[in-house]
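Protein chains in written order, with this note's numbering: chain A, 1 to 375; chain B, 376 to 750.
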């Protein structure tokens, strides 16, 4: 099997599994317990926060570990709003459902919500986001890398200007698709909150984080319980998953500088093997992109049979977001982009474990599949 | 080390670790993905729901996997309330903080909240709970086993009568401390929602569940995102932890009938070794209890030095709830019970991995520690 669905989830790195192992056996204590084993688990949680925070630059960041990116996004959005102050919330129309859904909920609670439309190239104009923000804006949420089509949004430019004009507006960035793939220190230098997810960077499922810049207003908890995670996120910490998240972040930091050229080589190998196919063309490549993420526009060929035919050839790819895959409705991203009804998009997402040979085979397989299906 | 803090968390059973292993390696796919590996992960999640639901009896139950017991409690409480209908919510004063905190939040949202006071024996009167419920009551939440003092609450009697009188009142039970330790089918036969936690039954951290009886009103999600868990709990499923939860539930079902006599033997060995100590006496033993959970009342000796002295003798015990251990405030349970200021409570919580010899040593160690400290 050649696994090219790394935007949905990634295989656990063997070193991550090794980092988790002790906390799945002897080190099983509750990190809130006062006894020695509990204190050791708590110290590991604190230690794991360091490499996780470092993915987003110097901050300084307070790390709030959550169950994953969806919960971190919800905490950043819902936790930043105070009911009764009906004010503006700005986002884009191509965010993850965990942003759009919770922004919509703020709308139901009285906020004025603005979803900035994407450009035809699959990103957004920084100026359009900046202009949507006014003095009453309580929160802006921008994704860095789009999970369905792999485009980058102009986070640095938009957030710098928004914070310069409106220092009290909170700015949140969903960096789930780019953390560990791109250096983020400059990108996130004016941002108040950042969402990360371990399982998108060869860490385990069950661990995400909301980074909150020290000095920025902290979000209100989504629900109440014990005193864990500075009172912002109650519940027994998922100690093994957090250990794995720390290890994955550390590994990502070590490989990040070599990732860009590797991904370039992988993408080139795939494109060459795929060749020119009018029914299947690389898309949304005008601007900067998530390294290793290839979006392909299908014309006259629906995505689902392509995905299954690719799997029959031992190549795992996907269309759109896994979070919505069971729904028959069209992806909101493709809707917002105004894709014609007879067009669809599939994604090929490599990782540092992918080889040039994998990509060559995948490109050839797709070429054959499209030849079969596009007749 | 003799670990007797199994009410805070339990060691992972080796068979649970084995059940998780494939999902931490080859089986890493996103359970929402349409491709084969994704469908396999989704099928495992569905399969794991069966033994988890079976812990609570025939139901039939819809299983909503969460990140743990705290989130499941929050979902049951917050998700059952509709703003604008200021109605009554009934619970007890000795619930877990994830119940009391979220009930308090409903109070801030306009609900009339009633916290039934405990009896001196550390339980509640079923009649007091039943009488607190009126026709306007939207929700009742009762814990089955208390996490700090090990008492059982009269869930069966109270819930049966409440549902008979007020069929539209939702009844939620936090069974985190008793699931897998006691057969629950009869106890929960009139209940709408049940909270379970994997890591209290030798499963992994990062997996809990809210069981919702089919036909009962489903809770509103705490936050929005993808379509996972029937839309009630968005976010990529923690596939390995859910696999572990299923295995832990299956193992618990196999050992549950032999647990009661084993726990009796363990408790007896501990009591005999401890002997009679006026400064340290078994407490809250008048009524039914969580098997293997011993609460000890300390008179004139604070809990914290006892816990540390026990650890120096290689026995891990605790006081109160791990979820509040970092706070210097006194436990709300001991407050509600009106414990005098010079008294404290420690808990000894065994598991099926504990031996009679462990308990004998622990009792002797505590006897020596109390002799040292109570002078």
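Glycine is no exception: its CB is placed at the ideal position from the N, C-alpha and C atoms.
Sorting 313(A), 6(A), 31(A) and 2(A) by C-alpha distance to the C-alpha of residue 385(B) places 31(A) at the top. The segment 211-219 of chain A and the segment 20-40 of chain A do not touch, with fewer than 3 CB-CB distances between them shorter than 8 Å. The beta-bridge partner set that DSSP reports for residue 657(B) consists of 671(B).
Counting C-beta atoms within 10 angstroms of its own C-beta, residue 577(B) has 16 or more neighbours from the protein chains shown and is therefore classed as buried. The contact set of residue 522(B) on chain A, defined by CB atoms closer than 9 Å, is empty, because the minimum CB distance reaches about 11 Å.
DSSP lists 664(B) as the bridge partner or partners of residue 526(B).
When the five nearest sequence neighbours on each side are left out, the beta carbons in the same chain lying within less than 8 Å of the beta carbon of residue 647(B) are those of 735 and 738, in order along the chain. With contacts defined by Cβ atoms closer than 7 Å, residue 582(B) and residue 391(B) do not form a contacting pair. Fully enclosed alpha helix (DSSP H) runs of no fewer than 4 residues occupy 389-399, 411-429 and 444-453 of the segment 379-467 of chain B, in order along the chain.
Between residue 52(A) and the set 269(A), 311(A), 300(A) and 249(A), the nearest pair of CA atoms involves 249(A). Residue burial annotation: residue 371(A) is exposed, with fewer than 16 other C-beta atoms found within 10 angstroms of its C-beta.
Residue 490(B) is bridged by DSSP to 466(B). Residues of chain A with a Cβ closer than 9 Å to the Cβ of residue 691(B) are, in chain order, 29, 33, 35, 36, 37 and 38. Of the other Cβ atoms in all chains shown, 16 or more fall within 10 Å of the Cβ of residue 96(A); this residue is therefore buried. For chain B, the residues of the segment 6-17 of chain A that bring a beta carbon within less than 8 Å of one of its beta carbons are 8, 9, 10, 11, 12 and 17, in chain order. In this structure, residue 89(A) and residue 139(A) form a Cβ contact; the two beta carbons are roughly 5 Å apart against a cut-off of 8 Å.
Residues of chain A whose Cβ lies closer than 7 Å to the Cβ of residue 574(B) are, in chain order, 236. Taking C-beta separations shorter than 7 Å and ignoring five residues to either side along the sequence, the partners of residue 423(B) in its chain run 617, 618, 620 and 621, following chain order. Interface annotation for the segment 154-167 of chain A against chain B: empty, criterion Cβ-Cβ distance under 9 Å. For residue 729(B), no CB of chain A lies under 7 Å from its own CB, so it is not counted at the interface with that chain.
The secondary-structure analysis by DSSP pairs residue 722(B) across a beta bridge with 670(B) and 693(B).
The three-state secondary structure of residue 331(A), taken from DSSP, is coil.
With 16 or more neighbouring CB atoms inside 10 Å of its own CB, residue 476(B) falls in the buried class. Residues of the segment 583-600 of chain B that bring their beta carbon within less than 8 Å of a beta carbon in chain A comprise 597, 598, 599 and 600, in sequence order. Contact between residue 494(B) and residue 530(B) is ruled out by a C-beta separation of about 15 Å, above the 8 Å threshold.
Take residue 382(B), set aside five residues on each side of it, and the residues of its chain with a beta-carbon closer than 7 Å to its own are 522, 552, 668, 722 and 724, in chain order. Taking the Cα positions, residue 252(A) is about 7 Å away from residue 181(A). Residue contact check for residue 205(A) against chain B: a CB pair falls below 7 Å. Going by beta carbons, residue 116(A) and residue 151(A) fall outside the 7 Å limit.
Neighbours of residue 335(A) in chain B, taken as residues whose beta carbon is under 8 Å from its own, are absent, since the nearest beta carbon is some 16 Å off. The C-alpha of residue 437(B) lies about 36 Å from the C-alpha of residue 730(B).
Taking 7 Å as the cut-off, the beta carbon of residue 284(A) is found closer than this to the beta carbon of residue 295(A). Bounds of the alpha helix (DSSP H) holding residue 733(B) are 731-748. Listed by position along chain B, the residues whose Cβ is nearer than 8 Å to that of residue 2(A) form an empty set, because the closest Cβ is around 12 Å away.
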